[in-house]
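In what follows, a structure is listed as C-alpha cells, so that the remarks can point back to it.
Number of protein chains: 2
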Amino acid sequence: ALEIQNVSKTYMMGTEAVHALQSVSLSIEENEYIAIMGPSGSGKSTMMNVLGCLDTPTSGEYYLEGEDVSKMNDDQLAEIRNQKIGFVFQTFNLIPRATVFHNVELPLVYSGTPPAERILMANDAIERVGLTDRATHKPTELSGGQRQRAAIARALVNKPTIILADEPTGNLDSVTGREIMAILDGLHKAGNTIILVTHEQEIAEHAHRIVKLRDGQVESDVRPNRV
Amino acid sequence: ALEIQNVSKTYMMGTEAVHALQSVSLSIEENEYIAIMGPSGSGKSTMMNVLGCLDTPTSGEYYLEGEDVSKMNDDQLAEIRNQKIGFVFQTFNLIPRATVFHNVELPLVYSGTPPAERILMANDAIERVGLTDRATHKPTELSGGQRQRAAIARALVNKPTIILADEPTGNLDSVTGREIMAILDGLHKAGNTIILVTHEQEIAEHAHRIVKLRDGQVESDVRPNRV
Ligand SMILES: Nc1ncnc2c1ncn2[C@@H]1O[C@H](COP(=O)(O)OP(=O)(O)OP(=O)(O)O)[C@@H](O)[C@H]1O
Ligand SMILES: Nc1ncnc2c1ncn2[C@@H]1O[C@H](COP(=O)(O)OP(=O)(O)OP(=O)(O)O)[C@@H](O)[C@H]1O
Ligand SMILES: [Mg+2]
Ligand SMILES: [Mg+2]
C-alpha cells in the first residue's frame, strides 16, 4: 500500500549537506502494524513526513496505493492528507488559539462533513482519548499529555485507513499510554494500517514488524516472533 | 532548600474551576534527587512551574532556600530563574528564529557573561548533549530529540545548582536518554539538586526519592531501597 523506493532527503545548510534519509527503500502492505525506531536524528520523522505526503523527497519515488505521489496535484494531496491518512505529529501542532473541540473537528470541516455530524464525531474522538472535560480548553490550558491526546483525537476523527503516529505516547504516563495503544491496536484489528515511531520497547512490541533506522538508512527490518 | 506549603493552583474557566494543585506540601533538601510521576494532567508541570518560580500559586507558600518567593521583587526572581535554577520545559520552548548556539548562550547573555567566555561555555554545554554538529541549525531544522537536547544544554549552561527537568528524555531513544541521565547523575554527584518529571520507571529509578501525584495532590512520597 505504501512503497518508498530509493528515497533520499537532503537539507542544504550553506555549503554543508544534511542527509536526513539516504536512499531508503521500504514496502508496507495494507493492514500492517509497524514500529519505526532508531537514534535521535536518524530520520524517523523525516520518513513519516514523506509517508504522510507532508514532505517531498530530494530523490526517489513514493507510491501510495499504487500511485506515484510526486505526480499528484494539490487537490489530490490535500484529500489524501485529510481523509486517507491520520497524522499524529511529534510536536502535536495544534492551533493555539482554538479549543480542543475545534482543533479536533477541523479535519471534518475540510472534508465537508455537516455540522451535526461533526459534533458527534469530534466528541466521540475526544471521548476515546479521555479529554471530554477538557474539550473547551485551548492547547495552552492543557497539560503536555492532554495536548498529545488532542493531537491523537484529531488524527483519528476522519476515520483514516492509514495512521502515522510519531511518538504518540512520549508525553503520557504508563496508564494513559496503554489506553492510547489499545485504541491503535483496535484500529489495526479493524483493518487499518498503523505506522508508529517510538523509542520505547514495550510500545514497539504492539507492532508486528520493527524497522530500525540509523543515520538516514534502514539498519534492520524484522518481524519478531509472536507468542 | 525548596519548601512548598499548602500550595494550591486553580484555573477559572468561566464558571468552572480547574484544581491543578490542591493544597500540596513538599519539602526538598539540597542535593536531593527526586522523580515526580503521576497520570497525565495530575499537576506535575504545574508543580514544576511553581518550584521554578515561573508561576505563582493561587494560595499557599513557597520558600526557596528559606526565602518566601511571593515576597521577592522582579529582579530577584529574574536572577533566580537565570542563575540558580535550570529549567528543561516539557515543550522545550526554544526561540524558533535563533540557532541552537544562540538559544544556549542566551542565559549567559542575561547573566552578563563576557562574549569569549560565553562561547566556551555554550559550546561546552552543546557538546555535552551531543549537538556540536547541529549548533548552527534553528529549532525547525532539528529532530524532536535534538530540540530536547538543545533545551537541556540551555538549562545547564549557567551551571545552576537546582535543575528542574520536565520529561527530559520523552523524545529520546534509549541510548541518547541514557547519555542525558548520565549528565544528570553527574550533576547530582557534584552536589546539585535534581528534580525531574518522568513517566518512565527506569528513568525514575535514577532518583533517590519518588513523589507520585494524582489529581493535584501527593499520592505517595517514597525513598526506594538502594542496592
Ligand atoms: N492555563 C490553564 N488553564 C486551565 N487549566 C489548565 C491550565 N494549565 C493546566 N491546566 C490543567 O491543570 C491540570 C494539570 O496540568 P499539568 O500540566 O500540571 O499536568 P501534568 O501532570 O504535567 O500532565 P502531563 O503528564 O500530561 O504533562 C490539567 O488537568 C490541565 O488541563
Ligand atoms: N529543516 C531541516 N534542515 C536541516 N536539517 C534538518 C531539518 N530537519 C531535520 N533535519 C536533520 O535531519 C535529521 C533527521 O531528522 P528527523 O527529525 O527525521 O530525526 P528523528 O529520527 O525523528 O529524530 P528524533 O528521534 O530526535 O525525533 C536530523 O539530524 C536533523 O537535524
Ligand atoms: Mg522525530
Ligand atoms: Mg506535564
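From first to last, the protein sequence lines stand for chains A and B. For reference, each letter of the first sequence is one residue, going 1 to 227 in the numbering used here. For reference, each letter of the second sequence is one residue, going 1001 to 1227 in the numbering used here. The beta-carbon is built from N, C-alpha and C at its ideal position, and this holds for glycine as well.
Taking 8 Å as the threshold (C-beta atoms), are residue j and residue i in contact?
{"i": "B:V1104", "j": "B:A1165", "result": "no"}
{"i": "B:T1010", "j": "B:A1017", "result": "yes"}
{"i": "A:I163", "j": "A:I119", "result": "no"}
{"i": "B:N1049", "j": "B:N1192", "result": "no"}
{"i": "B:H1019", "j": "B:G1216", "result": "yes"}
{"i": "A:Y62", "j": "A:V24", "result": "no"}
{"i": "A:G145", "j": "A:T99", "result": "no"}
{"i": "A:S45", "j": "B:S1174", "result": "no"}
{"i": "A:R147", "j": "A:L94", "result": "yes"}
{"i": "B:F1087", "j": "B:A1153", "result": "no"}
{"i": "A:G43", "j": "A:L21", "result": "yes"}
{"i": "A:L196", "j": "A:A182", "result": "no"}
{"i": "A:Q90", "j": "A:E200", "result": "no"}
Does chain A have any CB closer than 8 Å to the CB of residue i?
{"i": "B:E1061", "result": "no"}
{"i": "B:M1012", "result": "no"}
{"i": "B:Q1146", "result": "yes"}
{"i": "B:D1025", "result": "The amino acid at residue 1025 of chain B is misidentified as Asp; the sequence shows Ser. Chain A, which has no Cβ nearer than 8 Å to the Cβ of B:S1025, makes this no."}
{"i": "B:H1137", "result": "yes"}
{"i": "B:Q1022", "result": "no"}
{"i": "B:V1227", "result": "The predicted position of B:V1227 is uncertain, since its pLDDT is 46 and thus under 50; a value taken from the coordinates is nonetheless stated next. By this cut-off, B:V1227 is not an interface position."}
Counting only Cβ pairs nearer than 9 Å, list the residues of chain A close to residue i.
{"i": "B:T1176", "result": "P39, S40, G41 and H199"}
With a threshold of 8 Å between beta carbons, is residue i in contact with chain B?
{"i": "A:L172", "result": "yes"}
{"i": "A:E141", "result": "yes"}
{"i": "A:E167", "result": "yes"}
{"i": "A:T15", "result": "no"}
{"i": "A:Q5", "result": "no"}
{"i": "A:T91", "result": "yes"}
{"i": "A:S45", "result": "yes"}
{"i": "A:L2", "result": "no"}
Among residues of its own chain, excluding the 5 on either side of residue i, which ones have a beta-carbon nearer than 7 Å to its beta-carbon?
{"i": "B:A1204", "result": "A1035, M1037, T1198 and I1210"}
{"i": "B:T1161", "result": "K1084, N1192 and T1193"}
{"i": "B:A1190", "result": "none"}
{"i": "B:T1132", "result": "I1126"}
{"i": "A:Q5", "result": "S25, G60 and E61"}
{"i": "B:H1137", "result": "T1099 and V1100"}
Which of helix, strand or coil does DSSP assign to residue i?
{"i": "B:A1165", "result": "strand"}
{"i": "A:E141", "result": "helix"}
{"i": "A:V227", "result": "At A:V227, the pLDDT of 46 sits below 50, so the modelled position is not reliable and the matter cannot be decided from this model."}
{"i": "A:E30", "result": "coil"}
{"i": "B:H1237", "result": "No answer is possible for residue 1237 of chain B: the residues shown for chain B start at 1001 and end at 1227."}
{"i": "A:D173", "result": "coil"}
{"i": "B:T1056", "result": "coil"}
{"i": "A:I95", "result": "coil"}
{"i": "A:K103", "result": "Sequence check: residue 103 of chain A is Asn here, not Lys. Of the three classes helix, strand and coil, the one that applies to A:N103 here is helix, per DSSP."}
{"i": "B:V1157", "result": "coil"}
{"i": "B:E1003", "result": "strand"}
{"i": "B:L1131", "result": "coil"}
{"i": "A:S45", "result": "helix"}
{"i": "A:M37", "result": "strand"}
{"i": "A:S70", "result": "helix"}
{"i": "B:L1221", "result": "Here residue 1221 of chain B turns out to be Asp, not Leu, going by the sequence shown. B:D1221: strand per DSSP, three-state reduction."}
{"i": "A:E16", "result": "strand"}
{"i": "B:Q1022", "result": "strand"}
{"i": "B:E1179", "result": "helix"}
{"i": "A:G86", "result": "strand"}
Less than 8 Å between C-beta atoms, sequence neighbours within five positions excluded: which residues of the same chain meet that for residue i?
{"i": "A:V227", "result": "Confidence at A:V227 is low in this model, with a pLDDT of 46, below 50, so its placement is unreliable and no value can be given for it."}
{"i": "A:T140", "result": "P96"}
{"i": "B:G1130", "result": "R1149, T1176 and E1179"}
Leaving aside the five residues before and after residue i along the sequence, list all residues of the same chain whose C-beta is less than 6 Å from its C-beta, in chain order.
{"i": "A:S59", "result": "S8"}
{"i": "B:N1158", "result": "Q1083, P1107 and S1111"}
{"i": "A:D221", "result": "V211"}
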